[in-house]
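Q: Numbering (this note's numbering), first residue to last: 778 to 1248. For each residue, glycine too, the CB sits at the ideal point set by N, CA and C. Since we're looking at a predicted model, the values are computed, not measured.
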């Protein structure tokens, strides 16, 4: 049987059918083009105007795409005229227009769900509140080093739907998956990795329970031939093992934390990472072999090793550990100015990620934090700021919330911590520099999303690097 028989079947089903794509963004633009290629009649929906869409609008219109855009753009969605509606991940599934269309017979799906359903090879999916991009990248690098053709995509910013016809059954796909992509998905990957789960995106999810349930969809449809990699040190992910439908592979960065009776585990002991897959403890890499700094990166390696165990050799893992320099915007060294080192950790859009970043340095830092309010508490962050920060530069809508939590902490009066507020991002960078001295570290690790000032965390990180290099 043709390994891509599911794709061929879909192509025959979609030809001549009317479909809607809601959201003309990074992942949906290649989807629209692919659907047009397969003979579908596509209507693209977006709240942006044709002027705002610019060249994308002109390009898609030239392909025969119809549009429903601007104010009231979703009103035409109902009526049952679309066989499929491909929803952007940022739109909730309980949207009233989506619900009405579903009730009228439309199949509600997404680019990532379609890709997972049609992909010819095994998929390793990675989710988590923190660390999923680095872990996904590590997994892909390890598999590539082994000589296997590997495709990395998903939430990491690279849609793969336009590569679907080139992917063979001998390849491997690694997908970073967000809670939005997972919330209503009807397929789980062959290997699922959950790095950790902590409060995040509570501005979009109705509750923490909804957020956790979305994450759990990465493994809910697995079977005994699948693998589920879970963080034993995180209470929520540890409990996921109780609902296992697949082989569970646990990892822990806390020495002696794992129960030795567990069949499959990756763990830290004697300054090295070990794996036991049910037989004996095998040393894989020394912690000192890992080039990127920070204990959180040890955890990322543990998760990645558990995911690829039995697929790649120890030699491939060691090669990646000794050469991997990290991912942009993740505790990324930027420059040294007059003896002051600048690091870009713009990816830190949650308190837990900033806490991990602070612990990566062996000195107190000058921290730039604050941003868009995702309704996440900052009480746990306050303790680490007291312990690891000498000067705190606050910006954005959450500045007052972070400042309140820090000043209410019992350790604040004797900490010597200086807190400064800034009205602009550029002002924050300049203030940090002016208040730093030789051998200081200035760290951008906001603990918040960027949407109050920037398009996304990448935009924020690039702006930070530009401002630093202009000093």
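Return yes when the Cβ of residue 805 is within less than 8 Å of the Cβ of residue 863, no when it is not.
A: Residue mapping note: residue 863 aligns to position 86 of the chain shown, counting from 1. Residue mapping note: residue 805 aligns to position 28 of the chain shown, counting from 1. Yes, Cβ-Cβ distance for residue 863 and residue 805 is below 8 Å.
Q: Just checking, does the segment 1176-1186 make contact with the segment 1151-1159 on the three C-beta pairs under 8 Å criterion?
A: They touch, by the three-pair rule.
Q: Provide the residue span of the beta strand (DSSP E) that contains residue 1187, from first to last.
A: Taking the first residue of the chain shown as position 1, residue 1187 is located at position 410. Run containing residue 1187: none; DSSP gives neither H nor E here.
Q: Please list, in chain order, all residues of the same chain as residue 1061 whose beta carbon is under 7 Å from its beta carbon, the five residues on each side excluded.
A: Indexing the chain shown from 1 puts residue 1061 at position 284. Excluding residues within five positions, the ones whose Cβ falls inside 7 Å are 1050, 1051, 1052, 1082, 1091 and 1094.
Q: Which residues in the same chain have their Cβ closer than 7 Å to the Cβ of residue 1055, if we skip the five residues on either side of it in sequence?
A: Taking the chain shown and counting its residues from 1, the one referred to as residue 1055 is at position 278. Counting only Cβ-Cβ distances below 7 Å, and skipping sequence neighbours, we find 1040 and 1041.
Q: Look at the alpha carbon of residue 1206 and the alpha carbon of residue 911, and state the distance between them as a whole number of angstroms.
A: On the chain shown, position 429 is the one that residue 1206 refers to. On the chain shown, position 134 is the one that residue 911 refers to. So the two alpha carbons sit approximately 26 Å from each other.
Q: What does the alpha-carbon distance come out to for the pair residue 870 and residue 905?
A: Position 93 of the chain shown, counting from 1, holds the residue named residue 870. Position 128 of the chain shown, counting from 1, holds the residue named residue 905. For residue 870 and residue 905, the distance between alpha carbons rounds to 20 Å.
Q: Is the segment 874-881 touching the segment 828-842 in the sense that three or more CB pairs, one from each, lie closer than 8 Å?
A: With the cut-off at 8 Å, the segment 828-842 and the segment 874-881 do not touch.
Q: By Cβ distance below 7 Å, which residues in the same chain neighbour residue 1067 in space, the five residues on each side in sequence not counted?
A: For the purposes of this step, residue 1067 is taken as residue 290 along the chain shown, with counting starting at 1. Closer than 7 Å at the Cβ level, and outside the excluded window around residue 1067, lie 1074, 1075, 1078 and 1098.
Q: Could you spell out the range, first to last residue, of the beta strand (DSSP E) harbouring residue 949?
A: Taking the chain shown and counting its residues from 1, one reaches residue 949 at position 172. Segment 949-953, the beta strand (DSSP E) holding residue 949.
Q: Going by DSSP, which residues form a beta bridge with residue 1045?
A: Within the chain shown, numbered from 1, the residue matching residue 1045 stands at position 268. Beta-bridge pairing links residue 1045 to 1050.
Q: Give me the DSSP bridge partner(s) of residue 1104.
A: The count along the chain shown starts at 1 and reaches residue 1104 at position 327. BP columns for residue 1104 are empty, so no partner.
Q: Let me know the secondary structure DSSP gives residue 1169 once reduced to three states.
A: Taking the chain shown and counting its residues from 1, one reaches residue 1169 at position 392. Note: residue 1169 maps to strand in three-state DSSP.
Q: How far does the beta strand (DSSP E) with residue 861 in it reach, from first residue to last?
A: Against the chain shown, residue 861 aligns to sequence position 84. Counting along the chain, the beta strand (DSSP E) containing residue 861 begins and ends at 861-864.
Q: Output yes or no for whether 8 Å exceeds the beta carbon distance between residue 859 and residue 823.
A: The residue labelled residue 859 in the question sits at position 82 within the chain shown. The residue labelled residue 823 in the question sits at position 46 within the chain shown. Cβ distance not < 8 Å, so residue 859 and residue 823 don't count as in contact.
Q: Go through its chain and collect everything with a Cβ distance to residue 1096's Cβ below 8 Å, but skip five positions before and after it.
A: Counting from one through the chain shown, the residue named residue 1096 turns up at place 319. Closer than 8 Å at Cβ, skipping near neighbours: 922.
Q: Taking residue 1203 and residue 1244 to be in contact with their CB atoms under 8 Å, please state how far apart those CB atoms are, rounded to whole angstroms.
A: Here residue 1203 refers to the residue found at position 426 of the chain shown. Here residue 1244 refers to the residue found at position 467 of the chain shown. Rounded, the Cβ-Cβ distance is 6 Å, consistent with contact.
Q: When DSSP builds the beta bridges, which residues end up paired with residue 1024?
A: For the purposes of this step, residue 1024 is identified with residue 247 of the chain shown, where counting begins at 1. BP columns for residue 1024 point to 1004.
Q: Tell me whether residue 913 sits in a helix, a strand or coil according to DSSP, three-state version.
A: Reading the chain shown from its first residue, position 136 is the one you call residue 913. Three-state result, residue 913: helix.
Q: Under the three-state reduction of DSSP, which class applies to residue 1013: helix, strand or coil?
A: In the chain shown, residue 1013 corresponds to position 236, counting from 1. Helix, per DSSP.
Q: Whose C-beta lies closer than 7 Å to the C-beta of residue 997 among residues of the same chain, with five residues either side of it excluded?
A: Indexing the chain shown from 1 puts residue 997 at position 220. Cβ within range, chain order: 965.
Q: Within 10 angstroms of its Cβ, does residue 950 collect 16 or more other Cβ (buried), or is it exposed?
A: Within the chain shown, the letter at position 173 stands for residue 950. Counting Cβ neighbours within 10 Å, residue 950 comes out buried, since at least 16 surround it.
Q: For the segment 1116-1124 against the segment 1217-1224, do three or more pairs of beta-carbon atoms, one drawn from each stretch, fall closer than 8 Å, so that the two count as touching?
A: Output reads yes: the segment 1217-1224 touches the segment 1116-1124.
Q: Straight-line CA distance for residue 1211 to residue 1144?
A: Taking the chain shown and counting its residues from 1, the one referred to as residue 1211 is at position 434. Taking the chain shown and counting its residues from 1, the one referred to as residue 1144 is at position 367. Rounded to whole angstroms, residue 1211 to residue 1144 spans 13 Å at the Cα level.
Q: Looking at the unbroken beta strand (DSSP E) that takes in residue 818, where does it start and where does it end?
A: Indexing the chain shown from 1 puts residue 818 at position 41. Unbroken beta strand (DSSP E) run through residue 818: 818-823.
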